[in-house]
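Everything on this sheet refers to the single structure shown next.
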Amino acid sequence: MPDRPAPSPTVRSATRDDLPVLKEFEQGIITAERPYDHTLKPDPISYYDIGERIDSEDAEVAVIEIDGEIVASGYAEKKRSRHYIQHEHHAFLGFMFVLPEFRGRGLNKLLIDHLTGWAKTNGLSEIRLTVYSTNEPAIRAYEKAGFAPYITEMRLNLDE
230 MPDRPAPSPT VRSATRDDLP VLKEFEQGII TAERPYDHTL KPDPISYYDI GERIDSEDAE
290 VAVIEIDGEI VASGYAEKKR SRHYIQHEHH AFLGFMFVLP EFRGRGLNKL LIDHLTGWAK
350 TNGLSEIRLT VYSTNEPAIR AYEKAGFAPY ITEMRLNLDE
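Right under this line is the structure:
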């Protein structure tokens, strides 16, 4: 019997029906980021109101499905740029997550392409994101997608 071709990924806008899976993804992101940030509060915490972003006209929450299973997520959100920047608004990417067993297949790039299209359609000419400076795998993935370092945010904790 011949091998079946691997199912191709489908990128689509998220719906409220996807929220249970997306909330699990959020916890996956938090777990992955804990080693990079000891200032995070103990669990349970939440970074995002994904439902609000799904409902918003100023955001696009996207998921990737393979064989009917959601395996990746991300969002782009219209944000006001600082008053001294040439463009009034930019797109901000967040909630970028790929299930571990699906990493290395270019799914992050598919998400970024989809979210870039949304940004262009909404007249946004720049996309920004934040990533922990020591999260080298994420930095490499974003650089591979065309992102470049811009500003380094630094901190000094006076309680340490």
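In terms of my numbering, the sequence shown opens at residue 230 and continues consecutively. Each residue gets a CB set at the ideal place from its N, CA and C atoms; glycine is no exception.
1) Which same chain residues end up closer than 7 Å to Ala348 when comparing Cβ atoms and leaving out the 5 residues on each side of it in sequence?
2) With DSSP collapsed to three states, give me the class of His319.
3) Does the pairing of the stretch 240-258 with the stretch 279-288 give three or more beta-carbon distances under 8 Å?
4) Does Val360 come out as helix, strand or coil in the three-state DSSP assignment?
5) Quick one: using the 10 Å Cβ neighbour count with 16 as the cut-off for buried, is Ala291 buried or exposed?
6) Taking contact to mean at least 3 C-beta pairs separated by less than 8 Å, is the stretch 325-333 in contact with the stretch 263-273?
7) Rounded to a whole number of angstroms, what is the C-alpha to C-alpha distance between Tyr265 and Arg384?
8) Identify the continuous alpha helix (DSSP H) that holds Ile299 and give its terminal residues.
9) Does the Cβ of His343 have 16 or more other Cβ atoms within 10 Å, making it buried, or fewer, making it exposed?
10) Select from Glu294, His318, Leu358 the residue whose C-alpha is nearest the C-alpha of Asp287.
Taking the geometry as given:
1) As a working mapping, residue 348 is identified with position 119 in the sequence shown. Excluding residues within five positions, the ones whose Cβ falls inside 7 Å are Ala305, Ala320, Ile356.
2) What you label residue 319 is simply residue 90 of the sequence shown in a count that begins at 1. In the structure shown, His319 sits in a strand (DSSP, three-state: E or B).
3) yes
4) As a first step, residue 360 must be located in the sequence shown, where it is residue number 131. The answer is coil: DSSP assigns Val360 none of H, G, I, E or B.
5) Looking up residue 291 in the sequence shown gives position 62. Per the 10 Å Cβ criterion, buried.
6) no
7) Within the sequence shown, residue 265 is the residue found at index 36, counting from 1. Within the sequence shown, residue 384 is the residue found at index 155, counting from 1. When rounded, the distance between both Cα atoms is 13 Å.
8) Start at 1 with the first residue of the sequence shown, and residue 299 comes out as number 70. Counting along the chain, Ile299 falls outside any alpha helix (DSSP H), though it belongs to the beta strand (DSSP E) covering 298-309.
9) Within the sequence shown, numbered from 1, the residue matching residue 343 stands at position 114. Buried, since its Cβ has 16 or more Cβ neighbours within 10 Å.
10) Looking up residue 287 in the sequence shown gives position 58. Comparing Cα positions, the closest option is His318.
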